[in-house]
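Enquirer: Every number in this note's numbering is 89 more than the matching position in the sequence shown, counting from 1. Below is a structure I'd like to ask you about.
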Amino acid sequence: MEHADHRRYYTDFDEDCPRCCLDAIDGRSLEAADLGLTWALEGLVVEHPSVLKRHLLGLAADSPELVFPSHSRRLDIIGWAAQLRHPDRFAERLPAVTAVLVGVARARDELSSFDRDAREVLDAFQGRAHRVQAELWHHVALLTVESTPVAIAGLRARVEEIARRNPRAWADSLDWLFAVGPRLDDLDVVVTLTLAQPRTSVGAALKRSSRSEVSAVRRRAAGVTALADGSSPIEETLLNALSQSVDARRQVFPRPLEHPSSTWLSSFELEDLVRGGVSAAVREFSAFVTQSGSQDEEPLTAGLLRMLEKHLATASTAGRRLAPGAPQVMLASRQETKHAERGNGADIGITLDVAAPGRLAARTGDLVQVKKAKALIPSAPNSDSWEIDAAQLTTLLDRSATAAYWLIPDSGDVRVVPAKFLAAVRDGKAGDTGSFTVGHTDIRNSAIGLEHYLTDLITGLWLGGGGAVLAAASGHDPRNRPAFFLRVNVLLPFLDPPGRGRLLR
């Protein structure tokens, strides 16, 4: 059969004659890039399996989504594999790719109510795939789509355990692991570094990957090879790789010669964790306000607290990957009825529990009022100004002298102002006994970002208090219950000895 006109005749291929397919792939034609040409590409399996592997590997590296490709059908390797007519021939010539297909299909089937392509791939390939390799790829595929910190920690631990017990399975999959590595938060780098020196199979696989014809795989392998060049102990090599991943999430980096921490906890790690996590939450909240800022203050407050929980948990998890003794910050929030707020004028009651085993323990609380700008109210003037209820402000300060207002501007970038300052503005506005308005000019020199406020609250100990303040913040006073409760738990496994700060990281 003549295949010179294969561009014109889209389906005119002979599966037993891969020459035109080979030419098309090498020429990067549109037909070859389309995984819809299932049978034509399948013709490469017997004579040119490495070419087909390279083609599929390149598509996987280019696709931002491995399990559920949503942008283009041509990147859906499960939909492609479901159409193969000779799975036995494919599995025999490309065993590693077969294990990837089965693992990804399992993940897709697990996450979908029903996926016909995934079921067909499992029926055709599950009995032909290497069991451990397929299990490894099941968890890797789930890890590429998981977003919750707790589930991510569990999946990472399972992948690491499989790799440690079965280094050959990791070595045989290394090209594919590097292809999807950017979606694994550098887990491929860390595990490969751990295994490359003691396990010759992984070291040899790393050398092969560094010569891959797929540029994304080759570049990632070259980076791992540079880290594992043998000039440093494996512990230092791993620390370098992990610290690069964690430093990418820091609020401020690099930090050269540091002075001793000025806070009572003497922990730069904790300060950085809080600032970085809260900043990430505020960025997400700003985008949320852009879309949904017209909502009432109650759902806006609930959304902000959820985002704080999520991002501080993520930052805390990342820190513990670098060092088991890193600080841990855990947030939990719950909501009362809106009616409860009227008792003491508080939207949020914050309780803080800090523990450094064998050294110190502290429990404090404080109160917060949340106000959104008039610019976010459809019927109000389009300006960053906030209406403050004078009686509510008085009640709030009666409970806590360090109470604060979280002011949400049109941008969604939360500003924190001391309630005492707003009381001073009120007292300076003669006759404003009911409510008064403060604008951007009024607060511009007194407001701070939410990341700085929460850092001061958690690490400074000059905000909040015990006794009546703690009782009100934790909801133990039945006459005065906030609308929301935010509980912050901080654990410092290691703390500097008294009187000694940290000069160098």
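C-beta: ideal position from N, C-alpha, C; glycine also. Treat the numbers as computed from the prediction; the structure is a model and nothing was measured.
1) For residue 441, does the three-state DSSP call read helix, strand or coil?
2) Is residue 188 near residue 218, with beta carbons less than 8 Å apart?
3) Pick out whichever of 449, 168, 315 and 173 has its Cα sitting closest to the Cα of residue 133.
4) Nearest to residue 215 by alpha carbon, out of 237, 186, 241 and 157?
5) Return the first residue and the last residue of the beta strand (DSSP E) that residue 453 is part of.
6) Does the pairing of the stretch 538 to 551 with the stretch 358 to 369 give three or more beta-carbon distances under 8 Å?
7) I believe residue 557 touches residue 456 by the beta-carbon criterion, under 8 Å. Please report the beta-carbon distance rounded to the nearest angstrom.
8) Heavy atom of the ligand ADP less than 7 Å from the Cβ of residue 267, yes or no?
9) Is the beta carbon of residue 233 closer than 8 Å to that of residue 146?
10) Apart from the five residues on each side of it in sequence, which residues of its chain come closer than 6 Å, Cβ to Cβ, to residue 452?
11) Check for me: the alpha helix (DSSP H) holding residue 543 runs from which residue to which?
12) Inspect the CB distances between the stretch 262 to 277 and the stretch 302 to 318 and report whether three or more fall short of 8 Å.
13) Check whether the stretch 485 to 494 touches the stretch 507 to 514, taking contact to mean three or more Cβ pairs, one atom from each stretch, closer than 8 Å.
14) Are the CB atoms of residue 226 and residue 192 within a distance shorter than 8 Å?
15) Once you ignore the five residues that flank residue 437 on each side, which residues in its own chain have a CB closer than 6 Å to its CB?
16) Helix, strand or coil for residue 576, going by three-state DSSP, please let me know.
17) Please state whether DSSP places residue 476 in a helix, a strand or coil.
18) Would you kindly work out how many angstroms separate the C-alpha atoms of residue 387 and residue 482, rounded to a whole number?
19) Where do the ends of the alpha helix (DSSP H) carrying residue 528 lie?
20) Going by beta carbon distance, what residues of the same chain come within less than 6 Å of residue 440, once the five residues before and after it are set aside?
21) Report the partner residues of residue 241 according to the DSSP bridge assignment.
22) For the 8 Å Cβ check, are there 3 or more pairs between the stretch 380 to 395 and the stretch 522 to 533?
23) Give the C-beta separation of residue 375 and residue 502 to the nearest angstrom, bearing in mind that I take them to be a contact with Cβ-Cβ under 8 Å.
24) So residue 149 packs on residue 167, CB below 8 Å; how close in whole Å?
25) Tell me, to the nearest whole angstrom, how far the beta carbon of residue 421 is from that of residue 238; I am working on the premise that it is less than 8 Å.
26) Specify whether the stretch 239 to 259 and the stretch 274 to 288 touch according to this definition: at least 3 beta carbon pairs, one from each stretch, less than 8 Å apart.
27) Starting from the Cα of residue 151, find the closest Cα among 178, 211, 220 and 268 and give me that residue.
28) If you drop the 5 nearest sequence neighbours on each side, which residues of the same chain put their C-beta closer than 6 Å to that of residue 210?
29) Using the three-state DSSP reduction, which class does residue 496 fall into: helix, strand or coil?
30) If you draw a straight line from the alpha carbon of residue 565 to that of residue 516, how long is it in whole angstroms?
Expert: According to the structure shown:
1) The residue you call residue 441 lines up with position 352 of the sequence shown. Strand, per DSSP.
2) Working through the sequence shown from its first residue, we reach residue 188 at position 99. Working through the sequence shown from its first residue, we reach residue 218 at position 129. Closer than 8 Å, so yes.
3) For the purposes of this step, residue 133 is identified with residue 44 of the sequence shown, where counting begins at 1. Residue 133 has its Cα closest to that of 173, out of 449, 168, 315 and 173.
4) Looking up residue 215 in the sequence shown gives position 126. Per the Cα distances, 186.
5) Along the sequence shown, one-based indexing puts residue 453 at 364. Per DSSP, residue 453 belongs to the beta strand (DSSP E) from 449 to 461.
6) yes
7) Your numbering for residue 557 matches position 468 in the sequence shown. Your numbering for residue 456 matches position 367 in the sequence shown. Residue 557 to residue 456, Cβ: 11 Å. No contact.
8) Here there are no bound small molecules, and the ligand ADP is not part of this structure.
9) Looking up residue 146 in the sequence shown gives position 57. Looking up residue 233 in the sequence shown gives position 144. It is not a contact, given that the beta carbons lie outside the stated cut-off.
10) For the purposes of this step, residue 452 is identified with residue 363 of the sequence shown, where counting begins at 1. So the qualifying residues of the chain are 442.
11) Here residue 543 corresponds to residue number 454 of the sequence shown, with the count starting at 1. Looking at the DSSP string, the run of the alpha helix (DSSP H) that includes residue 543 is 539 to 548.
12) yes
13) yes
14) Here residue 192 refers to the residue found at position 103 of the sequence shown. Here residue 226 refers to the residue found at position 137 of the sequence shown. Yes. Within cutoff.
15) Taking the first residue of the sequence shown as position 1, residue 437 is located at position 348. Here the set comprises 457, 571, 573 and 575.
16) Within the sequence shown, residue 576 is the residue found at index 487, counting from 1. Reduced to three states, the DSSP call for residue 576 is strand.
17) Counting from 1 along the sequence shown, the entry for residue 476 is found at position 387. DSSP places residue 476 in strand when its eight states are reduced to three.
18) Counted from its first residue, the sequence shown places residue 387 at position 298. Counted from its first residue, the sequence shown places residue 482 at position 393. Spanning the two alpha carbons is a distance of roughly 18 Å.
19) As a working note, residue 528 is residue 439 in the sequence shown. Element bounds for residue 528: not the alpha helix (DSSP H) but the beta strand (DSSP E), 524 to 528.
20) The residue labelled residue 440 in the question sits at position 351 within the sequence shown. Counting only Cβ-Cβ distances below 6 Å, and skipping sequence neighbours, we find 454, 562, 563 and 576.
21) If you number the sequence shown from 1, residue 241 lands on position 152. DSSP, once it has assigned bridges, lists no residue as partnering residue 241.
22) no
23) Here residue 375 corresponds to residue number 286 of the sequence shown, with the count starting at 1. Here residue 502 corresponds to residue number 413 of the sequence shown, with the count starting at 1. Between residue 502 and residue 375 the Cβ distance is about 6 Å, and since that is below 8 Å, they are a contact.
24) Translated into the one-based positions of the sequence shown, residue 149 becomes position 60. Translated into the one-based positions of the sequence shown, residue 167 becomes position 78. Wrong, their Cβ atoms sit about 11 Å apart, outside the cutoff.
25) Residue mapping note: residue 421 aligns to position 332 of the sequence shown, counting from 1. Residue mapping note: residue 238 aligns to position 149 of the sequence shown, counting from 1. Residue 421 to residue 238, Cβ: 14 Å. No contact.
26) yes
27) Looking up residue 151 in the sequence shown gives position 62. Per the Cα distances, 268.
28) Counted from its first residue, the sequence shown places residue 210 at position 121. Contacts found: 167, 170, 171, 190 and 194.
29) On the sequence shown, position 407 is the one that residue 496 refers to. Residue 496 falls in the strand class under three-state DSSP.
30) Position 476 of the sequence shown holds residue 565. Position 427 of the sequence shown holds residue 516. When rounded, the distance between both Cα atoms is 31 Å.
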